[in-house]
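Asker: Protein chains in written order, with our numbering: chain Y, 1 to 94; chain F, 1 to 94.
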DNA sequence: AAGATATATTCTTGATTCGTAATATAGCAA
DNA sequence: TTGCTATATTACGAATCAAGAATATATCTT
């Protein structure tokens with residue numbers, strides 16, 4: 001296991017705004033404005049977080065007209081991780 | 001989903017030393033000295049990281065003689081998360 | 001009680017992260 | 001070209017994190 005790389009992945013999800021963004025993207029591709037509307041954060045902030053997620057290889061984006069649509073690179077993987085957390089949270093473990 | 005809580009969980013795993021510690025604990029209960037030997041970090045540093053993991057509810061500890069044995073509170077859950085990451089890493093997605 | 005061992009805590013400093021404000025860029029519309 | 005919309009980038013201060021050094025505490029052992 002590559003601990004540096006794995007911890008970078010966790011670090012990327014270790015922020016509530018990014019987690020919301022990722023969660024939103026499990027529903028499908030979204031342009032920045034759409035994400036902005038669903039997440040409680042400014043345009044600049046959402047853009048910054050998307051940049052971080054892109055650097056981390058979690059999302060990618062494509063151009064559509066004058067917008068940029070972001071999507072998960074491995075949607076099943078991300079859904080799997082979130083589902084695990086979700087389940088554990090519901091189980092109320094602390 | 002509680003995004004604050006979930007992102008705190010990810011943040012706790014978002015450090016290579018803590019990830020190594022957690023990985024070690026998937027093998028079973030360990031006292032601080034044993035963890036120290038397996039992870040590349042000082043006694044104080046390991047202790048600090050264990051404190052963080054304990055605050056986050058990921059590990060707990062019990063006393064045994066003059067030592068403290070740490071263990072995962074939800075070993076199956078943690079193993080599940082790590083297995084997912086491991087699998088994805090092996091698949092080489094970036 | 002006096003060491004010795006195992007672990008925790010505090011302090012400090014440098015690095016990283018976060019969010020906002022301001023500005024820049026790129027594509028489309030008129 | 002001018003202006004508008006969508007998004008990105010830069011700059012900056014505040015907050016948080018990371019690790020080492022030093023010190024404290026707690027439990028054994030003798």
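Cβ coordinates follow ideal geometry from the N, Cα and C atoms, glycine included.
None of these values were measured; they are calculated from a predicted model.
Residues of the region 10 to 28 of chain Y in Cβ contact with chain F at a cutoff of 9 Å, in chain order, please.
Answerer: Of all residues in the region 10 to 28 of chain Y, 10, 11, 12, 13, 14, 15, 16, 17, 18, 19, 20 and 23 have a Cβ within less than 9 Å of some Cβ in chain F.
Asker: Indicate whether at least one CB of chain F lies closer than 8 Å to the CB of residue 98 (chain Y).
Answerer: Look at the range of chain Y in this structure, 1 to 94, and you will see that residue 98 (chain Y) is not part of it.
Asker: Helix, strand or coil for residue 38 (chain F), going by three-state DSSP, please let me know.
Answerer: For the purposes of this step, residue 38 (chain F) is identified with residue 38 of the second chain, where counting begins at 1. Helix, per DSSP.
Asker: For the region 72 to 87 of chain Y and the region 33 to 41 of chain Y, state whether three or more C-beta atom pairs, one from each stretch, are separated by less than 8 Å.
Answerer: The region 72 to 87 of chain Y vs the region 33 to 41 of chain Y: no contact.
Asker: I'd like the span of the beta strand (DSSP E) that includes residue 20 (chain F), first residue to last.
Answerer: The residue labelled residue 20 (chain F) in the question sits at position 20 within the second chain. No beta strand (DSSP E) contains residue 20 (chain F), which is instead part of the alpha helix (DSSP H) from 16 to 25.
Asker: Rank Y:32, Y:82 and Y:90 by C-alpha distance to the C-alpha of residue 71 (chain Y) and give the top, closest one.
Answerer: Taking the first chain and counting its residues from 1, the one referred to as residue 71 (chain Y) is at position 71. When only C-alpha atoms are compared, the closest one is Y:32.
Asker: Would you be able to state if there are at least three C-beta pairs under 8 Å between the region 11 to 19 of chain F and the region 7 to 15 of chain Y?
Answerer: Result yes; three or more Cβ-Cβ pairs closer than 8 Å.
Asker: Taking a cut of 8 Å between CB atoms, which residues from the region 34 to 60 of chain Y lie near chain F?
Answerer: Going along the region 34 to 60 of chain Y in chain order, one finds 57 with a Cβ nearer than 8 Å to chain F.
Asker: Do you know how far the Cα of residue 19 (chain Y) is from the Cα of residue 53 (chain F)?
Answerer: Position 53 of the second chain, counting from 1, holds the residue named residue 53 (chain F). Position 19 of the first chain, counting from 1, holds the residue named residue 19 (chain Y). Roughly 20 Å between the two C-alpha positions.
Asker: For residue 55 (chain F) and residue 64 (chain Y), I'd like the C-alpha separation in whole angstroms.
Answerer: Stepping through the second chain from its first residue, residue 55 (chain F) is reached at position 55. Stepping through the first chain from its first residue, residue 64 (chain Y) is reached at position 64. Taking the straight line from one Cα to the other gives about 45 Å.
Asker: Taking 8 Å as the CB-CB cut-off, is residue 67 (chain F) touching chain Y?
Answerer: On the second chain, position 67 is the one that residue 67 (chain F) refers to. So no, residue 67 (chain F) is outside the interface.
Asker: For residue 97 (chain Y), I'd like the list of residues in its chain whose CB is within less than 8 Å of its CB, leaving aside the five on either flank, ordered along the chain.
Answerer: No answer is possible for residue 97 (chain Y): it lies beyond the span of chain Y, which begins at 1 and ends at 94.
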